[in-house]
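A short worksheet on the structure shown next.
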Amino acid sequence: MLETHNRILIFNSAFPGDIVLTTPLVRALYERFPGAYLAFCSTPAGVRLLAGLSYLDRLIVYDKHGHDRGITGLIKTVMQLRSERFDIVFSVHRSMRTALLLRLAGIPVRVGFAQSSGSFFYTLTVSREPALHETERNLSLLKPFGVDPAEVSKKPVLPVTGEEADHVFGQLGVGLPRGGGPLVVVAPGSVWGTKRWLSVRFARLIDLLTADYQAQIIVVGSALDRGQADQVIAQCKSPVLDLVGMTDLRQLCALIRKADLLVTGDSAPMHIAWAFDIPTVAIFGATTPKLGFAPLSQRCRVVEVEGLECRPCSEHGPRSCPLGHFRCMRAITVDMVMEACRDMLPNRRSRT
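As structure tokens, then:
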């Protein structure tokens, strides 16, 4: 029984959105096993994202692309985890490197997915069911311990406070664009090319939101999104606040928490908005909600082209369309997305 394990580690070193979707598992462990010591091992970005989460006693940095890369970094992390003397680890991450790392760390009970590379390194495995939402798949790791994922909250939780959100503009040294309408955060970028809607259509959408709602528009993203963001902003006739590459994940969370609406693709900002109950319009191209990553929220509208036999072409969406036509995004019109925005912004033509 899990009650006999006093020191529990949760491990996920994937993308920020994946970290957000692991937080229901953290909360479930905290609520069902009070008194247990809970630690979370993640990337520097993941640790920054979760800093201050009340359910956790400790955050451990695993900088797999930086200081902890290669065999030397692996050994260093193994020794660090060994020193923590964990009783059990729940691994959401499915790589061979992760499975090996946790085996070498000497953690007696290692719980992971049966479909993971290196699943033979785990002492307990659970099937990762494709039909479930990602949060439910993560929660299913608790099944061997008598926890039914269907009875557990799937909503993500993030530690960014209202006070942090109130101070984010001062922290960044910027002011809002002119206009007294709703604050709309637009996140056009993605690591995966087939998750990006056309730049000219993002620009047209921004102009419509500004004209119809006097919206205050903020464009966000990482430094890697700079190219697409420049294309969007260059084609806008309306003023926007360009914060692409200027925020860390924590500040991005604070901005989204302040928003009246988020417009994004199938990416981390969508999951962050779900945690804060922010109205969201999510544009899905190569991926589909059936893969289990769309928010389970009434405050999210997914815009997609249904009936394309080629969707989804992969779980994350490839960098370019395998068939060359990119119909999944090209067929999504500005009117389709604007209609979803209107659903999420009823009677919000002025910001109170």
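The sequence shown lines up with residues 16 to 367 when you count with the numbering used here. Ideal placement from N, C-alpha and C gives every residue a C-beta, glycine not left out.
Where residue i falls, given that 16 or more other Cβ within 10 Å makes a residue buried
i    : result
H182 : exposed
C325 : exposed
V215 : exposed
L239 : exposed
H80  : exposed
G307 : buried
P333 : exposed
Run of the beta strand (DSSP E) containing residue i, from where it starts to where it stops
i    : result
V349 : Not the beta strand (DSSP E): V349 falls in the alpha helix (DSSP H), residues 349 to 359.
I287 : Element bounds for I287: not the beta strand (DSSP E) but the alpha helix (DSSP H), 283 to 290.
S98  : No beta strand (DSSP E) holds S98; the alpha helix (DSSP H) holding it covers 85 to 99.
C258 : The residue you asked about is not Cys; residue 258 is Leu in the sequence shown. That residue, L258, is in no beta strand (DSSP E); it is neither H nor E in DSSP.
For residue j and residue i, the rounded distance between their alpha carbons
i    : j    : result
L40  : Q250 : 42 angstroms
E321 : V349 : 16 angstroms
S329 : I25  : 27 angstroms
L191 : P254 : 10 angstroms
D163 : L156 : 10 angstroms
I221 : A355 : 13 angstroms
P59  : E166 : 32 angstroms
D386 : N27  : The shown model of the chain, from 16 to 367, leaves out residue 386, and the question about it has no answer.
E144 : K273 : 35 angstroms
G73  : P361 : At residue 73 the sequence reads Arg, which differs from the Gly that was named. If I take the Cα positions, the gap works out to 42 angstroms.
Residue i in three-state terms, based on DSSP
i    : result
A274 : coil
G177 : helix
A51  : coil
R152 : helix
D222 : helix
I122 : coil
N21  : coil
C328 : coil
G280 : strand
Nonlocal neighbours in the same chain, by C-beta distance under 7 angstroms from residue i, ignoring five residues either side
i    : result
G67  : P174
C336 : T209
A29  : H108
A230 : G194, G196, P197, V199, L224
L338 : C325
G133 : M111, A114, L115
Residue range of the alpha helix (DSSP H) that includes residue i
i    : result
F30  : Note, F30: premise wrong, no alpha helix (DSSP H); not H, not E.
C315 : Where C315 is concerned, there is no enclosing alpha helix (DSSP H), although the beta strand (DSSP E) it sits in stretches over 315 to 318.
Own chain residues within Cβ distance below 8 angstroms of residue i, not counting five before or after
i    : result
M359 : L276, P294, T295, V296, R314, R316
N153 : L36, T37, P39, L40, V107
R211 : P203, G204, S205, Q243, G280, G300, M344
L270 : A180, V183, V200, I233, V235, L258, T262
Residues near residue i in its chain [Cβ-Cβ closer than 6 angstroms; skip 5 each side]
i    : result
I122 : F101, V104
T367 : In this prediction, T367 has a pLDDT of 43, which is less than 50 and means its spatial position is unreliable; what the coordinates show is noted afterwards. Excluding residues within five positions, none has a Cβ falling inside 6 angstroms.
A283 : P31, G32
V247 : P203, S214, F217, A218
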